[in-house]
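Chemist: Take a look at this one; I'll ask things after.
In this note's numbering, the protein residues as written are 499 to 768.
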């Protein structure tokens with residue numbers, strides 16, 4: 499891989515949520531659509547889609563997640579909710595070859611799909627998707643992603659989380675990733691990650707599993723909200739100029755000299 503493609507790939511990897519198309523288009527313009535570099539960038543786009551749980555539409559009322567956990571071949575994925583497999587072009591972001599598919603597993607994927615779907619529907623009402631994916635090693639992976647894109651008001655955000663369940667031991671390990679970008683008259687970005695680990699006594703009790711996930715994610719969200727309040731009241735507050743708040747109107751004109759600032763200015767001119 500060329501150094502140019504590697505460096506440009508870092509821009510793709512760090513593209514804010516909902517802005518990968520703009521980042522990619524800008525890169526293509528900068529390299530003047532150089533065919534060899536464009537080709538070398540394809541693995542970076544694929545990695546971005548896999549790591550950010552890109553949402554695709556299988557039909558007007560069915561969506562699916564792109565991730566390494568439900569990849570069954572080169573550009574081939576499946577959706578546990580609809581029971582469909584499909585091809586996905588990482589560059590054009592188009593879906594094709596949709597067909598029936600059912601992974602081989604003894605775990606009750608259907609029950610966990612229902613429980614997880616109810617949770618996502620209640621707590622992630624915008625552009626969200628999820629999946630339950632049995633793995634070759636016997637573990638079960640749960641994936642949640644929710645996007646909220648508002649480019650007309652110059653902000654985009656994403657919540658994504660995944661959990662790996664070991665049905666034998668009941669151990670669950672996962673992580674939540676937050677990414678928000680605000681870029682009106684500036685450029686502010688928040689990226690936060692939080693590891694989650696817990697265990698359940700009965701891995702077949704899908705409702706209890708999802709209830710525990712809900713508890714852990716809600717607790718983390720409350721911690722994030724609390725940190726914002728503390729940041730505003732401490733760190734940001736110390737950056738502001740300390741001025742008194744009198745909430746009184748200023749009489750402009752000759753009477754400005756009655757104010758301390760006006761007196762200082764008047765004396766400096768004397």
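Beta carbons are placed, not taken as given, at the ideal position from N, Cα and C, and that holds for glycine.
1. Note down the Cα distance separating residue 675 from residue 610, rounded to an integer number of angstroms.
2. If you measure between the beta carbons of residue 547 and residue 588, is that distance less than 8 Å?
3. Going by the beta-carbon positions, is the gap between residue 698 and residue 707 smaller than 8 Å?
4. Would you report the Cα separation of residue 760 and residue 746, rounded to the nearest angstrom?
5. By Cβ distance below 8 Å, which residues in the same chain neighbour residue 567 in space, the five residues on each side in sequence not counted?
6. Mind reading off the beta-carbon distance from residue 606 to residue 624? Whole number of angstroms is fine, and I expect it under 8 Å.
7. Could you check what DSSP says for residue 632 in three-state terms: helix, strand or coil?
8. Report the option in 524, 554, 500 whose CA atom is closest to the CA atom of residue 534.
9. Kindly indicate which three-state DSSP category residue 746 falls into: helix, strand or coil?
10. Buried or exposed for residue 519, going by 16 or more other Cβ atoms inside 10 Å?
11. Output the boundary residues of the alpha helix (DSSP H) element that contains residue 518.
12. Since residue 598 and residue 585 should fall inside the 8 Å C-beta cutoff, what is the C-beta to C-beta distance between them, to a whole number of angstroms?
13. Going by C-alpha to C-alpha distance, which of 647, 657, 539, 663 sits closest to residue 505?
14. Hey, would you say residue 525 sits closer than 8 Å to residue 627, going by beta carbons?
15. Identify every run of the beta strand (DSSP E) within the segment 569-625, keeping only runs that are complete inside it and at least 3 residues long; order them along the chain.
16. The alpha helix (DSSP H) spanning residue 718 covers which residue range?
17. Any idea if residue 727 is buried or exposed, counting beta-carbon neighbours within 10 angstroms, 16 or more meaning buried?
18. Helix or strand or just coil, what does DSSP make of residue 503?
19. Among all the DSSP beta bridges, which residues are the ones paired with residue 658?
20. Compare the Cα-Cα distances from residue 545 to each of 564, 716, 732 and report the closest residue.
21. Compute the beta-carbon to beta-carbon distance between residue 665 and residue 613, rounded to the nearest angstrom, for a pair I have assumed lies under 8 Å.
Modeler: The relevant details are as follows:
1. Looking up residue 675 in the chain shown gives position 177. Looking up residue 610 in the chain shown gives position 112. The straight-line gap from Cα to Cα measures roughly 22 Å.
2. Working through the chain shown from its first residue, we reach residue 547 at position 49. Working through the chain shown from its first residue, we reach residue 588 at position 90. In contact: residue 547 and residue 588 (Cβ atoms closer than 8 Å).
3. As a first step, residue 698 is located in the chain shown; it is residue number 200 there, counting from the start. As a first step, residue 707 is located in the chain shown; it is residue number 209 there, counting from the start. Contact flag set, yes.
4. Residue numbering aside, residue 760 sits at position 262 when the chain shown is read from its first letter. Residue numbering aside, residue 746 sits at position 248 when the chain shown is read from its first letter. With a pLDDT of 48 at residue 760, under the threshold of 50, the predicted position of this residue should be treated as unreliable, and no value is reported.
5. Taking the chain shown and counting its residues from 1, one reaches residue 567 at position 69. Answer for residue 567: 629, 631, 633, 639, 641, 660, listed in chain order.
6. Sequence index remark: in the chain shown, residue 606 carries index 108 (1-based). Sequence index remark: in the chain shown, residue 624 carries index 126 (1-based). Actually they are not in contact, since the Cβ atoms of residue 606 and residue 624 sit about 29 Å apart, beyond 8 Å.
7. If you number the chain shown from 1, residue 632 lands on position 134. Strand.
8. On the chain shown, position 36 is the one that residue 534 refers to. If we check each option's Cα against that of residue 534, 500 comes out closest.
9. In the chain shown, counting from the first residue as 1, residue 746 sits at position 248. If DSSP states are grouped into helix, strand and coil, residue 746 belongs with coil.
10. As a working note, residue 519 is residue 21 in the chain shown. Exposed is the call here.
11. The residue labelled residue 518 in the question sits at position 20 within the chain shown. Counting along the chain, the alpha helix (DSSP H) containing residue 518 begins and ends at 518-528.
12. Mapped onto the chain shown, residue 598 falls at position 100. Mapped onto the chain shown, residue 585 falls at position 87. Not a contact, Cβ separation roughly 14 Å.
13. As a working note, residue 505 is residue 7 in the chain shown. Considering only alpha carbons, the answer is 539.
14. Position 27 of the chain shown, counting from 1, holds the residue named residue 525. Position 129 of the chain shown, counting from 1, holds the residue named residue 627. No.
15. 569-571, 574-577, 582-586, 593-598
16. If you number the chain shown from 1, residue 718 lands on position 220. Element bounds for residue 718: 704-731.
17. Along the chain shown, read from residue 1 onward, the residue named residue 727 stands at position 229. Flag for residue 727 reads exposed.
18. Position 5 of the chain shown, counting from 1, holds the residue named residue 503. Reduced to three states, the DSSP call for residue 503 is helix.
19. Sequence index remark: in the chain shown, residue 658 carries index 160 (1-based). Residue 658 pairs with 643, 675.
20. Residue mapping note: residue 545 aligns to position 47 of the chain shown, counting from 1. Nearest of 564, 716, 732 to residue 545, Cα basis: 564.
21. On the chain shown, position 167 is the one that residue 665 refers to. On the chain shown, position 115 is the one that residue 613 refers to. No, residue 665 and residue 613 are not in contact; Cβ-Cβ is about 15 Å, not under 8 Å.
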